[in-house]
Amino acid sequence: MAAFEKLVRQYDRQVFRIANHIVQNREDAEDVVQDAFLKAYEKLDQFQGNSKFYTWLVRIAVNEALMRLRKRRTGKMVSIDEDVETEEGSMPRDLADWSPDPEALYGQSEMGDILRKTIQGLPPGFRVVFVLRDVDGLSTEETAETLGLSIPAVKSRLLRARLQLRERLSRYFKRRGPKQAQGGVK
Amino acid sequence: MTCTEFLAQLDEMLDQDAALPLRADLEEHLRSCEHCEITLNTTRKTIQIYRSHELYELPDDLRERLHQAILAKCRKC
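Taken in order, these protein sequences are the chains called A and B. Using my numbering, read the first sequence as starting at 8 and increasing by one per residue. Using my numbering, read the second sequence as starting at -11 and increasing by one per residue.
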């Protein structure tokens, strides 16, 4: 039990973050954290040392979070593939350059609100790939293993998630003034 | 190289793991295309900003409460 408690302390913040990104509701995220660690404890004997404990745990947490979303939507299926067929963001439209220091434009709490609101607008399957790869720092291979996706699917979702976030943040961070990119998309 | 071809390789540029011959083509395109330069720089900035802001802090009191609840449930199973 002491060893498991150490694992809880080591990974609770990351699991809480990922759960919040999927369910977008703090109470549900708390439940996801509890259920994910409990399930991990119950299934510890099934954990195979060939994958990292953290990716195994996140896989459990992602499934718990998706189940929680499904419950909230009264049984409607929710999957990691939902709404990923969109073409939005595959080609940048807002080509204005950003302010040299966009973080100086907003206070800490306002910036948090902007970033949360922006990422919440993405489909869950994009949000979770972006968070695992770019925020948590998992490799493409680890992200694919965690989510049960192919490597090309992770790469494609990551690119579109990054471009959609960039596009949406441009409306807050773009340079005020006349500087715009010259010329057209080739 | 077209902008569409450049964008298809954007992740390699961001992750800085593009193979060298490809990187030279990408960098040549960047020198002549302000659109793609802006897209690359602002996408890089997007990642940095999300990485440097914890959007869902786990406060200490909630953290302790969650630990107690998790361990109590584990002891019962």
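Glycine included, each C-beta is placed from N, C-alpha and C at the ideal position.
So is Asn32/A in contact with chain B if we call contact Cβ pairs under 8 Å? Here residue 32/A refers to the residue found at position 25 when the first sequence is read from its first residue. No, Asn32/A lies away from the interface with chain B (no Cβ there is under 8 Å from its Cβ).
With distances taken between CB atoms, is the gap from Asp19/A to Leu54/B smaller than 8 Å? Locating residue 19/A in the first sequence gives position 12, where the first residue counts as 1. Locating residue 54/B in the second sequence gives position 66, where the first residue counts as 1. With contacts defined by Cβ atoms closer than 8 Å, Asp19/A and Leu54/B form a contacting pair.
Who are the Cβ neighbours of Phe23/A in its own chain at under 7 Å, not counting the five residues just before and after it? The residue you call residue 23/A lines up with position 16 of the first sequence. Contacts found: Ala36, Val40.
Suppose you measure from the CA of Leu139/A to the CA of Arg167/A; what does that come to, to the nearest Å? Against the first sequence, residue 139/A aligns to sequence position 132. Against the first sequence, residue 167/A aligns to sequence position 160. For Leu139/A and Arg167/A, the distance between alpha carbons rounds to 15 Å.
Between which residues of its own chain and Ile67/A is the CB-CB distance below 6 Å, once the five residues before and five after are set aside? Position 60 of the first sequence, counting from 1, holds the residue named residue 67/A. Taken in chain order, the residues that qualify are Ala43, Lys46, Ala47.
If you measure from the beta carbon of Arg167/A to each beta carbon in chain B, is any gap under 8 Å? Numbered from 1 along the first sequence, position 160 holds the residue referred to as residue 167/A. False, the Cβ-Cβ gap to chain B never drops below 8 Å.
So which residues on chain B does Leu102/A lean against when the C-beta distance must stay under 9 Å? What you label residue 102/A is simply residue 95 of the first sequence in a count that begins at 1. Neighbours of Leu102/A on chain B, chain order: Glu22, His23, Ile26, Thr27.
If I'm right that Leu112/A touches Ile37/B with Cβ under 8 Å, what's the distance once you round it to whole angstroms? Taking the first residue of the first sequence as position 1, residue 112/A is located at position 105. Taking the first residue of the second sequence as position 1, residue 37/B is located at position 49. Not confirmed; about 11 Å, so no contact.
Cα separation between Trp105/A and Leu14/B? Mapped onto the first sequence, residue 105/A falls at position 98. Mapped onto the second sequence, residue 14/B falls at position 26. Put simply, the backbone Cα of Trp105/A is about 22 Å away from that of Leu14/B.
Using the beta-carbon of each residue, which ones in chain B are nearer than 9 Å to Gln41/A? The residue given as residue 41/A occupies position 34 in the first sequence. By Cβ distance, chain B contributes Leu54, Ala57, Ile58, Lys61.
Quick one: is Leu(-2)/B near chain A, going by C-beta distance under 8 Å? Here residue -2/B corresponds to residue number 10 of the second sequence, with the count starting at 1. At least one beta carbon of chain A lies nearer than 8 Å to the beta carbon of Leu(-2)/B.
Neighbour-count burial assignment, Ile158/A, 16 or more Cβ in a 10 Å radius: Residue 158/A sits at position 151 when you count from the first residue of the first sequence. Answer is exposed; the Cβ neighbour count stays below 16.
Please say whether Val30/A and Ile58/B have beta carbons closer to each other than 8 Å? On the second sequence, residue 58/B is found 70 positions in, with the first residue counted as 1. On the first sequence, residue 30/A is found 23 positions in, with the first residue counted as 1. No, the Cβ-Cβ distance between Ile58/B and Val30/A is not below 8 Å.
Measuring CB to CB, does Leu102/A end up less than 8 Å from His17/B? Start at 1 with the first residue of the first sequence, and residue 102/A comes out as number 95. Start at 1 with the first residue of the second sequence, and residue 17/B comes out as number 29. Result no, Cβ atoms of Leu102/A and His17/B do not sit closer than 8 Å.
Using a Cβ-Cβ distance under 8 Å, would Tyr113/A count as near chain B? Here residue 113/A refers to the residue found at position 106 when the first sequence is read from its first residue. Interface residue (Cβ-Cβ distance to chain B less than 8 Å): Tyr113/A is not classified as such.
CA-CA distance, Ile26/B and Glu174/A? The residue labelled residue 26/B in the question sits at position 38 within the second sequence. The residue labelled residue 174/A in the question sits at position 167 within the first sequence. Whole-angstrom Cα-Cα distance: 11 Å.
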